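Going down the list, the sequences are from chains A and B.
First residue of the first sequence: 0, per numbering that gives the first Met the number 0; consecutive thereafter.
First residue of the second sequence: 0, per numbering that gives the first Met the number 0; consecutive thereafter.
Note that beta-carbon positions come from the ideal geometry of N, C-alpha and C, so glycine has one too.
Computed from a prediction, not measured in an experiment: that's the story for all the values here.
Here is the structure we will look at, set down as structure tokens.
Protein chains: 2
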Amino acid sequence: MKIIKQISDMQRVMKIEKQQGKKVGFVPTMGYLHEGHQTLLKEARENNDIVVLSIFVNPLQFGPNEDLDAYPRDFERDEEIAALRGVDYLFYPTVEEMYQENRTTIIKVEQRVDVLCGKHRPGHFDGVATVVMKLFQIVTPDTAYFGMKDAQQVAVIDGLINDYHLPIDLVRVGTVREEDGLAKSSRNVYLNQEERTKAPYLFKALALGKLQLEVGMEVHTVKQEMEEYILLHTGYKAEYVEIYAYPTLQELKKVKEEESIIIAIAVKFSKARLIDNIVFSYSKGE
Amino acid sequence: MKIIKQISDMQRVMKIEKQQGKKVGFVPTMGYLHEGHQTLLKEARENNDIVVLSIFVNPLQFGPNEDLDAYPRDFERDEEIAALRGVDYLFYPTVEEMYQENRTTIIKVEQRVDVLCGKHRPGHFDGVATVVMKLFQIVTPDTAYFGMKDAQQVAVIDGLINDYHLPIDLVRVGTVREEDGLAKSSRNVYLNQEERTKAPYLFKALALGKLQLEVGMEVHTVKQEMEEYILLHTGYKAEYVEIYAYPTLQELKKVKEEESIIIAIAVKFSKARLIDNIVFSYSKGE
Numbered sequence: 000m001k002i003i004k005q006i007s008d009m010q011r012v013m014k015i016e017k018q019q020g021k022k023v024g025f026v027p028t029m030g031y032l033h034e035g036h037q038t039l040l041k042e043a044r045e046n047n048d049i050v051v052l053s054i055f056v057n058p059l060q061f062g063p064n065e066d067l068d069a070y071p072r073d074f075e076r077d078e079e080i081a082a083l084r085g086v087d088y089l090f091y092p093t094v095e096e097m098y099q100e101n102r103t104t105i106i107k108v109e110q111r112v113d114v115l116c117g118k119h120r121p122g123h124f125d126g127v128a129t130v131v132m133k134l135f136q137i138v139t140p141d142t143a144y145f146g147m148k149d150a151q152q153v154a155v156i157d158g159l160i161n162d163y164h165l166p167i168d169l170v171r172v173g174t175v176r177e178e179d180g181l182a183k184s185s186r187n188v189y190l191n192q193e194e195r196t197k198a199p200y201l202f203k204a205l206a207l208g209k210l211q212l213e214v215g216m217e218v219h220t221v222k223q224e225m226e227e228y229i230l231l232h233t234g235y236k237a238e239y240v241e242i243y244a245y246p247t248l249q250e251l252k253k254v255k256e257e258e259s260i261i262i263a264i265a266v267k268f269s270k271a272r273l274i275d276n277i278v279f280s281y282s283k284g285e
Numbered sequence: 000m001k002i003i004k005q006i007s008d009m010q011r012v013m014k015i016e017k018q019q020g021k022k023v024g025f026v027p028t029m030g031y032l033h034e035g036h037q038t039l040l041k042e043a044r045e046n047n048d049i050v051v052l053s054i055f056v057n058p059l060q061f062g063p064n065e066d067l068d069a070y071p072r073d074f075e076r077d078e079e080i081a082a083l084r085g086v087d088y089l090f091y092p093t094v095e096e097m098y099q100e101n102r103t104t105i106i107k108v109e110q111r112v113d114v115l116c117g118k119h120r121p122g123h124f125d126g127v128a129t130v131v132m133k134l135f136q137i138v139t140p141d142t143a144y145f146g147m148k149d150a151q152q153v154a155v156i157d158g159l160i161n162d163y164h165l166p167i168d169l170v171r172v173g174t175v176r177e178e179d180g181l182a183k184s185s186r187n188v189y190l191n192q193e194e195r196t197k198a199p200y201l202f203k204a205l206a207l208g209k210l211q212l213e214v215g216m217e218v219h220t221v222k223q224e225m226e227e228y229i230l231l232h233t234g235y236k237a238e239y240v241e242i243y244a245y246p247t248l249q250e251l252k253k254v255k256e257e258e259s260i261i262i263a264i265a266v267k268f269s270k271a272r273l274i275d276n277i278v279f280s281y282s283k284g285e
């Protein structure tokens, strides 16, 4: 595995790999790799000739009140994981390298961001889209891997790829879960023992919502029922329960056959704020 | 010469050309090709294996009060010129092809646009940057050719290429002039006979400004002298006379040796609004 820190070096090696007809899979991350990232790397390794992992904590996607400096970092551990997962190139630039010159533009995301978590993080997805566009131009992957735990981020990247006709396949990798259904997250350690037993009800609520839509219940009724279910089983009022078309994240008035749908939840426990979602293709049951 | 209308076709042929190691020169235009465009095509033809010309009147760079529909078009004539100039691929997409899906993002230009013509056309350069990024991803040129008549546009594209690390050489092609110095422009036909004799004083004023800077005169004094000179010789008050660092388009307090400088003028005659500029590397004379 080669560790590369310069943009020009990365572009040079990728040009050679591409000229040799190599298929390149890319996993962009902010490091501190967890099981979710490892699933992305596994998928990338199985389906490409060359796997590129990037680790870059992108200041542009942090708000003024979000603590960029406190973002966890452990490069040595990340390096070990990357090597074990068969990464060929680990791209690890500094902030100065990525934002060398005075930035003159930003990619402003105008759709898919005024809902879910985007509503509370103005500018966050502009920062994501801008850095991902930079990384795509540096790495020139054939395929890019993103985790569906961050379904809204995946929707934004999907829009970016379409808008600029990027010749990149976007692979959405499913959320990794504990046996009881709880989505894996570094934030789960902040749950106390009692909360940990209740947290799986987020995923159960998502499953309930899906079933109810499939038997023909109206969107707003399903949301209500899910909210009640979450309150009953966790003792917490959900921060949001939302149902949208996916990946457009537009309102669903009436659900159509084969429409792709996301149900998403956020619940604030005493210390941990948990999010979860499911995306599925709608088909009406009997 | 092949005329291509589909993005996917264009991407397919360019992929093949690039795999064969061909060097690709690209001239993006809105059509209605004039002598300036022909100079770009000539430069591109002399320095590349493959020349791509795009003709696309981009709605995104027109303001609500700018008449997109009245923009002059003559595809048959353009096609002839392209063939004569040795263009290999003429990319000629429809608006529906270029903006197929709901656009989710725009490239917002935050620097280099609050001066000169950008001041009066809010959003114009966002539209330019967005469509040029799309075209760059479709054509994947090694070199792109732009005319310095639109020096601010060139500055914006320069920023775009740096921001996203695009592996593209930007070639700035000098303004084509009449023998008396008047910059060639389709708008020159709107000058009456008397105005036509006075219009060359724009270029003379630029030359005067350059000389005055080189003998050490202060920026604000040079601007004043140029304004007086234009008023005296044309009878019109200049809309603006500006002097900036180029391509950053930032204020120049003190001029430094070898600094790249732009002097730019706009003058509104009875019917025609003319613009002109010179960009040069500063060196103090004796």
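### Message
Taking only three categories from DSSP, how would you classify Thr247(A)?
### Response
coil
### Query
Name the DSSP beta bridge partners of Asp168(B), please?
Thr142(B)
#### Entry: Residues of the segment 105-130 of chain B whose Cβ lies closer than 7 Å to any Cβ of chain A, in chain order
Ile105, Ile106, Lys107, Val108, Glu109, Gln110, Arg111 and Ala128
### Message
Could you compute how far the alpha carbon of Gly30(B) sits from the alpha carbon of Arg176(B)?
### Response
20 Å
### Task
Note down, in chain order, every chain A residue with its Cβ under 7 Å from the Cβ of Asn161(B).
Glu100
#### Entry: Under 9 Å (Cβ pairs) to chain A, residues found in the segment 155-186 of chain B
Val155, Asp157, Gly158, Leu159, Asn161, Asp162, Tyr163, His164, Leu165 and Pro166
#### Entry: Interface partners of Thr103(A) on chain B, CB under 8 Å
Val108, Glu109, Gln110, Arg111, Val155, Gly158, Leu159, Asn161 and Asp162
### Task
Could you please tell me which residues of the segment 0-16 of chain B, in chain order, have their CB closer than 7 Å to any CB of chain A?
Ile6 and Gln10
### Message
Tell me the DSSP secondary structure of Gly126(A) in three-state form.
### Response
helix
### Residue from Val278(B), Ser282(B), Lys4(B) and Ala43(B) with nearest C-alpha to Thr174(B)
Val278(B)
### Lys252(A) at chain B interface by Cβ criterion, 8 Å
no
#### Entry: Short CB-CB distance (under 8 Å) between Val22(B) and chain A
Note that residue 22(B) is Lys in the sequence shown here, rather than Val. No - not a single Cβ of chain A is within 8 Å of the one on Lys22(B).
### Task
Could you check if Val50(A) is buried or exposed, using at least 16 other CB atoms within 10 Å of its CB as the buried criterion?
buried
### Query
Quick one, are the C-beta atoms of Met13(A) and Val26(A) less than 8 Å apart?
no
### As assigned by DSSP and simplified to three states, the class of Asn276(B)
strand
### Query
Cα-Cα, which of Val86(A), Ile260(A) and Asp157(A) is closest to Ile54(A)?
Val86(A)
### Task
Check whether the Cβ of Gln152(A) lies closer than 8 Å to any Cβ atom in chain B.
no
### Message
I believe Leu251(A) touches Ile242(A) by the beta-carbon criterion, under 8 Å. Please report the beta-carbon distance rounded to the nearest angstrom.
### Response
6 Å
### Message
To the nearest angstrom, how far is the alpha carbon of Val218(B) from that of Asp168(A)?
### Response
52 Å
#### Entry: Residues in the segment 134-147 of chain A having any Cβ partner in chain B nearer than 7 Å
Gln136 and Ile137
### Message
Assess contact between the segment 117-129 of chain A and the segment 59-69 of chain A, defined as three or more Cβ pairs (one per stretch) separated by less than 8 Å. Is contact present?
### Response
yes
#### Entry: Rounded distance between the beta-carbons of Gln19(A) and Ile80(A), thought under 8 Å
About 27 Å; that fails the 8 Å criterion.
### Message
For a test of the three-state rule: what should DSSP assign to Glu258(A), helix, strand or coil?
### Response
coil
#### Entry: Sub-8 Å separation of Ile6(B) and His33(A) beta-carbons
no
### Task
Look at the alpha carbon of Gly180(A) and the alpha carbon of Gln152(B), and state the distance between them as a whole number of angstroms.
53 Å
### Query
For the beta strand (DSSP E) that contains Gly24(A), what are its first and last residues?
Val23 to Thr28
### Query
Taking the C-alpha atoms as reference points, what is the distance between Glu224(B) and Lys133(A)?
44 Å
### Query
Would DSSP call Arg44(B) helix, strand or coil?
helix
### Task
Between the Cα of Tyr281(A) and those of Ile261(A), Ile156(A), Ser269(A) and Phe90(A), spot the shortest distance and give me the residue it belongs to.
Ile261(A)
### Task
Name the one or two DSSP bridge partners that Glu241(A) has.
Ala263(A)
### Query
So which residues on chain A does Met132(B) lean against when the C-beta distance must stay under 7 Å?
Tyr163
### Query
Under the rule that 16 or more other beta-carbon atoms within 10 Å means buried, what is Asn47(A), buried or exposed?
buried
### Task
Closer than 6 Å by C-beta to Glu100(B): which residues in its own chain qualify, once you throw out the five before and the five after it? Chain order, please.
none
### Where the beta strand (DSSP E) containing Thr104(A) begins and where it ends
Thr104 to Val108
### Query
From Glu193(B), Leu59(B) and Glu16(B), pick the residue whose C-alpha is nearest to that of Ile137(B); which is it?
Glu16(B)
### Task
Taking the CB atoms as reference points, tell me whether Thr188(A) and Leu159(A) lie closer together than 8 Å.
A small correction: the amino acid at residue 188(A) is Val; Thr does not occupy that position in the sequence shown. Going by C-beta atoms, Val188(A) is not nearer than 8 Å to Leu159(A).
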